[in-house]
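Everything on this sheet refers to the single structure shown next.
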Amino acid sequence: MSTTTTFVGMPASAPPAHPAFPQAAREAVRDARLRGTLRHATHTIRAKRAAAVAEVSDWAALREAGRQIKDHTLRHLDRYLVQVEQAVTAAGGTVHWAADAAEANRIVTDLVKATGESEVVKVKSMTTQEIGLNEALEAAGIRAYETDLAELIVQLAHDRPSHILVPAIHRNRGEIRDIFRSEMGEWGRPAPEGLTDEPAELAEAARLHLREKFLRARVGISGANFMVAETGTLVVVESEGNGRMCLTLPETLISVVGIEKVVPTWRDLEVFLQTLPRSSTAERMNPYTSLWTGTTNSATADGPREFHLVLLDNGRTDALADTVGRQALRCIRCSACLNVCPVYERAGGHAYGSVYPGPIGAILSPQLRGTASGIDASLPYASSLCGACYEVCPVAIDIPEVLVHLRERVVQGGEAVRQGNRVVLRPARGHAAERAAMRAARWALTRPGVLRAGQRLAARSRRFAPRTLPGPGRAWTDSRDLPPLPAEPFRDWWQRTRGGKDTAR
Amino acid sequence: MRVALFLTCVNDTLYPDTGRAVVKLLTRLGVEVDFPTAQTCCGQAHYTTGYRHEAEPLARHFGEVFGGYEAIVTPSGSCGAMVRELYPRMGERARAEGRGEALAAALAPVAARTYELTEFLVDVLGVTDVGACYPHTVTYHPTCHGLRGLGLGERPRRLLRAVRGLELVELPGAEECCGFGGTFAVKNADVSAAMGTDKVRNAASTGAEVLCAADNSCLMHLGGLMTRLRTGMRPVHIAEILASTEEEPAA
Amino acid sequence: MNSRERILGRVRRALADVPHDDTPYERAVDRGYLRAHGERSAEETVELLAENLADYRAVVHRCAADGLPSLIARLLARRGTRSVLVPPGLDADWLSATGAARVPDRAESTPHELDRVDSVVTGCAVAIAETGTIVLDGSPDQGRRRITLVPDHHVCVVRVPDQVVASVPLALERLDPARPLTWISGPSATSDIELDRVEGVHGPRTLEVVLVTGRADAGAAGRKDTGTAERPDGGRRAGG
Chain V
1 MSTTTTFVGM PASAPPAHPA FPQAAREAVR DARLRGTLRH ATHTIRAKRA
51 AAVAEVSDWA ALREAGRQIK DHTLRHLDRY LVQVEQAVTA AGGTVHWAAD
101 AAEANRIVTD LVKATGESEV VKVKSMTTQE IGLNEALEAA GIRAYETDLA
151 ELIVQLAHDR PSHILVPAIH RNRGEIRDIF RSEMGEWGRP APEGLTDEPA
201 ELAEAARLHL REKFLRARVG ISGANFMVAE TGTLVVVESE GNGRMCLTLP
251 ETLISVVGIE KVVPTWRDLE VFLQTLPRSS TAERMNPYTS LWTGTTNSAT
301 ADGPREFHLV LLDNGRTDAL ADTVGRQALR CIRCSACLNV CPVYERAGGH
351 AYGSVYPGPI GAILSPQLRG TASGIDASLP YASSLCGACY EVCPVAIDIP
401 EVLVHLRERV VQGGEAVRQG NRVVLRPARG HAAERAAMRA ARWALTRPGV
451 LRAGQRLAAR SRRFAPRTLP GPGRAWTDSR DLPPLPAEPF RDWWQRTRGG
501 KDTAR
Chain Z
1 MRVALFLTCV NDTLYPDTGR AVVKLLTRLG VEVDFPTAQT CCGQAHYTTG
51 YRHEAEPLAR HFGEVFGGYE AIVTPSGSCG AMVRELYPRM GERARAEGRG
101 EALAAALAPV AARTYELTEF LVDVLGVTDV GACYPHTVTY HPTCHGLRGL
151 GLGERPRRLL RAVRGLELVE LPGAEECCGF GGTFAVKNAD VSAAMGTDKV
201 RNAASTGAEV LCAADNSCLM HLGGLMTRLR TGMRPVHIAE ILASTEEEPA
251 A
Chain C
1 MNSRERILGR VRRALADVPH DDTPYERAVD RGYLRAHGER SAEETVELLA
51 ENLADYRAVV HRCAADGLPS LIARLLARRG TRSVLVPPGL DADWLSATGA
101 ARVPDRAEST PHELDRVDSV VTGCAVAIAE TGTIVLDGSP DQGRRRITLV
151 PDHHVCVVRV PDQVVASVPL ALERLDPARP LTWISGPSAT SDIELDRVEG
201 VHGPRTLEVV LVTGRADAGA AGRKDTGTAE RPDGGRRAGG
């Protein structure tokens, strides 16, 4: 697997220098080891998720309630953001607002610098991946240690994440062992002598390597799965205990959270704490969930004394302005859509050129970043529209609907909101021939006589029909034969025989 | 009962046998079939590729051609889903764009009266044994639009199980997409072919002679891979199996 | 304009198409889902909790209140525990039978100090049967969050059936959002290697849950048990 392609963070300005999806996927499709690893992992979790969901008889009602809670929140997002700000502040936290990645990185960097520390421990967080926080901290001389096992693997390998839940899903156990053996020593405690590829041993190696970092850490950085507007409570759902370490041991905690993560009430958690674990790791409940409200106080003296919440926009309000696309903001990052997607399974996460891969990435990235770059304009087409993603989504995001909607934006252009400004997008480049063909087909197909003439011409010249097609058709005949042309189209048979009444055949 | 056959442009042009099979099958079951010759294309490829505005005239044309029939039957899950699910959405979008009710009003009648073939047989005619005979081993691939779009469920399998002489074998990974996906097949040809190859291998692993589906677009993709991979299997549309009888067996 | 105003302004403009809606939130969401899955007696609910805890590799024990001190002593001894962290409000009787050195939960303890303690014994706020979850809320019998995090062995006592609820919705009703909450379902685990679950990462690798019935009378029974504590049988460790 090549790791030479440029990492694509979300800073909206520079167009990502990443090959378009079909080109990026081509390499992955031919990588037999990667195909095997992804197939094994996604099929394992698919079956487990189905079983975990089948256990609860009211899944459809939970899914519908989750959809409604998120839709309601999004429709009143300004109100709930102000409310969560008030509640967090009242509980002793400090709330910051970041319009884009650069601003969020600046805020966090300044907060870390103010503590005088030069290293931080991090809970796995899609949001900080999205804004490229680690790189920004490094530029300021601050070392960020990823503590989630999969994030650690990615960080040690100088790799890019390829899955929302399991960023190192593209690595099998043997590769992970090799990475641990060769890289752990560079970052701290080396891997134990004679480390094998047994998952339990690999987990133990990570435990030993990270323990010293947890125990000395003064600053922790996290995202959050949910923030509750009425109470100011933040929720982090995890498995390993690295989250608990980062959320409770340091003196300062900084949480960077997308504005769409707010839910109105405490009670709303009863829906998502049921649907998220079952959709995500296919468990009845994940091993650890931490909920905290503001900072510690002298009575409890439990956890960080300073708590900062950074509310991040970074393209979310642009997506919110799109009446079809805004449903993508319901996403709770469970990754069920990735695990069930036949395209993701074969193309791998890196082909999507974003920290958000798979079906949800294909509708989120082009909305957060716009459709100007080659990769972003190709993502809406990275789907056969099979609908498996929609079926498993615990908040019922109609991903195929949004994909088609974004395809329209790519080929037709039109009104959109970018960085808060209403703009008129021009159709993307490279679709001129297709557009002409679609127009010509529409012209012909609204005229039955023209269609019939075409069919007859094809039938009469069928002996000369080529085995390989030129132009875009070659993409078909490179791997598939064409069906033989029939002697006459159906409509001629129908007219000739009056629907079969005139002859038996 | 008189119904209109919406054959689809792909079947009309490339798979007339499927059309003849539908006519034969429905006629046998006492249905009077009409084929409105003004029909062309539902506009699905335009719509799903992002050319909704080019698809609209095709949808309006469809509404004009089929508007007068009490039932419209199609041997295609994806074109059926286009008319039933996406036509109403096109109407809504036109309304949201301030273009009034005209499109929604023109499409509502045909959306409500369109049935996929197996759905029409089981739900409207109320039959599962259509009197067919097909002495072959068959495995069935539920296509995505039929399965998840229209919710055909067990209907096709129930119909196949009632066919005399037919041995139905389970397809591993049946509910996974075959990788056709319309223009996806050429825009993302590598991934599409990889998906199709896995599907064909799964089908071949069953030992069946025939891979059956209710959509010729998917079968065109899979059949094109089958000959390349030299599996010895052949793709057959479910209508051709259901039309086959002892007296007039299908090939 | 600061970023707060900029973002809120963008949100309001983005929602310009949304019709004004004053439906109170209580009526805005259709909560047609269940409060709990299935009808169970209190006893059956406890049974389900035990099953689901064990399914995620927690080690489950059951005893009557008067047998609790001896059971805890046995669990600590079996593990080879020499020191045990004690939340400030833990019932003194619970540890009356163990010889392990008690380490109080103090604000000034450093994480490194906690790391040298073998075990921790706590109560809990509530336990959820359907998911096999125990919830800690930092009450005096549970202590600060870190004392149940850093030591590698956690013994958690659940008073059954009083502290057991069937489901997640029923648990949330009982909890106070203002308190720091930790939901624990089995020992720490990861699915990060090939999406398969492996127990034992950063949190305690051994979670033992004691389901205790009835009320001990003044702890007298517990003290009697002191002499019968089993001998240590070496440092058995699960999941590591």
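Residue numbers (UniProt numbering), protein chains in the order written: chain V, 1 to 505; chain Z, 1 to 251; chain C, 1 to 240. Glycine included, each C-beta is placed from N, C-alpha and C at the ideal position.
Rounded to the nearest angstrom, how far is the Cβ of A101 of chain C from that of S119 of chain C, given a contact under 8 Å? Taking the third sequence and counting its residues from 1, the one referred to as residue 101 of chain C is at position 101. Taking the third sequence and counting its residues from 1, the one referred to as residue 119 of chain C is at position 119. The pair is not a contact, with the Cβ atoms about 11 Å apart (cut-off 8 Å).
Rounded C-alpha distance that separates P156 of chain Z from C218 of chain Z: Residue numbering aside, residue 156 of chain Z sits at position 156 when the second sequence is read from its first letter. Residue numbering aside, residue 218 of chain Z sits at position 218 when the second sequence is read from its first letter. So the alpha carbons of these two residues sit roughly 16 Å apart.
Tell me whether the segment 201-213 of chain V and the segment 192-206 of chain C touch, counting them as touching only if at least three CB pairs, one residue from each stretch, are closer than 8 Å. Yes, since at least three Cβ pairs between the segment 201-213 of chain V and the segment 192-206 of chain C fall closer than 8 Å, the two stretches touch.
Span of the beta strand (DSSP E) around V404 of chain V: Translated into positions along the first sequence, residue 404 of chain V becomes position 404. Here V404 of chain V belongs to no beta strand (DSSP E); instead the alpha helix (DSSP H) covers 399-412.
Sub-7 Å separation of V121 of chain V and G220 of chain V beta-carbons: Numbered from its first residue, the first sequence carries residue 121 of chain V at position 121. Numbered from its first residue, the first sequence carries residue 220 of chain V at position 220. For V121 of chain V and G220 of chain V, yes; Cβs fall inside 7 Å.
Please go through the segment 110-169 of chain V and give each complete alpha helix (DSSP H) segment of 4 or more residues, from N-terminal end onward. 126-131, 133-139, 149-156
Residue interval of the beta strand (DSSP E) (run including V56 of chain V): Position 56 of the first sequence, counting from 1, holds the residue named residue 56 of chain V. Element bounds for V56 of chain V: n/a, residue is neither H nor E.
Give me the Cα-Cα distance between L253 of chain V and V123 of chain V, rounded to the nearest whole angstrom. As a first step, residue 253 of chain V must be located in the first sequence, where it is residue number 253. As a first step, residue 123 of chain V must be located in the first sequence, where it is residue number 123. Near 11 Å, if we compare the C-alpha coordinates of V123 of chain V and L253 of chain V.
For a cutoff of 7 Å on Cβ pairs, would you count residue 289 of chain Z as touching chain V? A question about residue 289 of chain Z goes unanswered here, because the residues of chain Z that appear run from 1 up to 251.
Going straight from the alpha carbon of M126 of chain V to that of V59 of chain C, what length do you get? Numbered from its first residue, the first sequence carries residue 126 of chain V at position 126. Numbered from its first residue, the third sequence carries residue 59 of chain C at position 59. Straight-line Cα distance between these residues: approximately 33 Å.
Alpha carbon to alpha carbon, how far is A194 of chain Z from Q23 of chain V? The residue given as residue 194 of chain Z occupies position 194 in the second sequence. The residue given as residue 23 of chain V occupies position 23 in the first sequence. If you take the alpha carbons of A194 of chain Z and Q23 of chain V, they lie about 14 Å apart.
Enclosing alpha helix (DSSP H) for C178 of chain Z [first to last residue]: To locate residue 178 of chain Z, count along the second sequence from 1; it is residue 178. Careful: C178 of chain Z lies outside any alpha helix (DSSP H) and carries neither H nor E.
Does the contact criterion of 3 or more C-beta pairs under 8 Å hold for the segment 90-103 of chain V versus the segment 271-284 of chain V? No: fewer than three Cβ pairs fall under 8 Å.
Leaving aside the five residues before and after M1 of chain C along the sequence, list all residues of the same chain whose C-beta is less than 8 Å from its C-beta, in chain order. On the third sequence, residue 1 of chain C is found 1 positions in, with the first residue counted as 1. The answer, listed in chain order, is G9.
Name, in chain order, the residues that DSSP records as bridge partners for H153 of chain C. Residue mapping note: residue 153 of chain C aligns to position 153 of the third sequence, counting from 1. Looking at the DSSP assignment, H153 of chain C forms a beta bridge with C:S119, C:T206.
Under the three-state DSSP convention, the category E97 of chain Z falls into: The residue you call residue 97 of chain Z lines up with position 97 of the second sequence. Here E97 of chain Z sits in coil by DSSP.
Should A204 of chain Z and T231 of chain Z be called a contact, given that it needs their Cβ atoms to be closer than 7 Å? Within the second sequence, the letter at position 204 stands for residue 204 of chain Z. Within the second sequence, the letter at position 231 stands for residue 231 of chain Z. Cβ distance < 7 Å, so A204 of chain Z and T231 of chain Z count as in contact.
Looking only at DSSP bridge pairs, what is residue 290 of chain C linked to? Because chain C spans 1 through 240 in this model, residue 290 of chain C falls outside it and cannot be assessed.
Note down, in chain order, all residues in the segment 182-198 of chain C with a beta-carbon under 8 Å from any beta-carbon belonging to chain V. T182, W183, I184, S185, G186, P187, S188, A189, T190, S191, D192, I193, E194, L195, D196, R197, V198
Amino acids of chain V, ordered along the chain, whose beta-carbon sits closer than 8 Å to that of H20 of chain C: Here residue 20 of chain C corresponds to residue number 20 of the third sequence, with the count starting at 1. In chain order: nothing, as chain V lies at least about 10 Å away.
Give the residues from the segment 467-495 of chain V that approach chain Z closer than 9 Å (Cβ to any Cβ), ordered along the chain. P472, G473, R474, A475, W476, T477, D478, S479, R480, D481, L482, P483, P484, L485, P486, A487, E488, P489, F490, R491, D492, W493, W494, Q495
With a CB to CB cut of under 7 Å and the five nearest residues on each side skipped, what residues in its chain are close to R159 of chain C? Taking the first residue of the third sequence as 1, we reach residue 159 of chain C at position 159. Excluding sequence neighbours, R159 of chain C sits near V212.
Given a cut-off of 7 Å, decide if R20 of chain Z and G387 of chain V are closer than it, judged by their beta-carbon atoms. Start at 1 with the first residue of the first sequence, and residue 387 of chain V comes out as number 387. Start at 1 with the first residue of the second sequence, and residue 20 of chain Z comes out as number 20. Not closer than 7 Å, so no.
Using a Cβ-Cβ cut-off of less than 7 Å, list which residues of the segment 346-376 of chain V approach chain C; keep chain order. none
Since Q68 of chain V meets chain C, which of its residues come closer than 8 Å, beta carbon to beta carbon? Mapped onto the first sequence, residue 68 of chain V falls at position 68. Per Cβ cutoff of 8 Å: A28, V29, D30.
Within chain V, partners of A94 of chain Z - CB distance below 8 Å: By one-based count along the second sequence, residue 94 of chain Z stands at place 94. Correct list: empty, because the minimum Cβ distance to chain V is about 13 Å.
Please return the same chain residues whose Cβ sits closer than 6 Å to the Cβ of A208 of chain Z, not counting the five positions on each side in sequence. For the purposes of this step, residue 208 of chain Z is taken as the residue at position 208 of the second sequence. Cβ neighbours of A208 of chain Z beyond the five flanking positions: T137, V138, T139, V169.
Mind checking if R40 of chain C is an interface residue toward chain V, Cβ cutoff 7 Å exclusive? Counting from one through the third sequence, the residue named residue 40 of chain C turns up at place 40. So no, R40 of chain C is outside the interface.
Give the single residue among Z:L25, Z:Y87, Z:T128 whose Cα lies nearest to the Cα of A102 of chain Z. Taking the first residue of the second sequence as position 1, residue 102 of chain Z is located at position 102. Considering only alpha carbons, the answer is Z:Y87.
Nearest to A65 of chain C by alpha carbon, out of C:R179, C:I128, C:I193, C:D91? Position 65 of the third sequence, counted from the start, is the residue given in the question as residue 65 of chain C. Out of C:R179, C:I128, C:I193, C:D91, C:D91 has the C-alpha closest to the C-alpha of A65 of chain C.
According to DSSP, is N52 of chain C helix, strand or coil? Your numbering for residue 52 of chain C matches position 52 in the third sequence. Note: N52 of chain C maps to helix in three-state DSSP.
Using CA atoms only, rank isn't needed, just tell me which of V:R439, V:V112, V:P264, V:A200 is closest to S188 of chain C. As a first step, residue 188 of chain C is located in the third sequence; it is residue number 188 there, counting from the start. The residue with the shortest Cα to Cα distance from S188 of chain C is V:A200.
Where the alpha helix (DSSP H) containing W292 of chain V begins and where it ends: In the first sequence, the residue the question calls residue 292 of chain V occupies position 292. W292 of chain V -> not in any alpha helix (DSSP H); beta strand (DSSP E) instead, spanning 288-293.
From the DSSP secondary-structure annotation, give me the bridge partner or partners of M227 of chain V. Reading the first sequence from its first residue, position 227 is the one you call residue 227 of chain V. Bridge partners of M227 of chain V: V:L234, V:V262.
Please state if the CB of N286 of chain V and the CB of S222 of chain V are separated by a distance shorter than 7 Å. Position 222 of the first sequence, counted from the first residue, corresponds to residue 222 of chain V. Position 286 of the first sequence, counted from the first residue, corresponds to residue 286 of chain V. No, these two residues do not count as a Cβ contact at 7 Å.
Determine contact between the segment 143-161 of chain C and the segment 158-176 of chain V, defined as no fewer than three beta-carbon pairs at a distance below 8 Å. no
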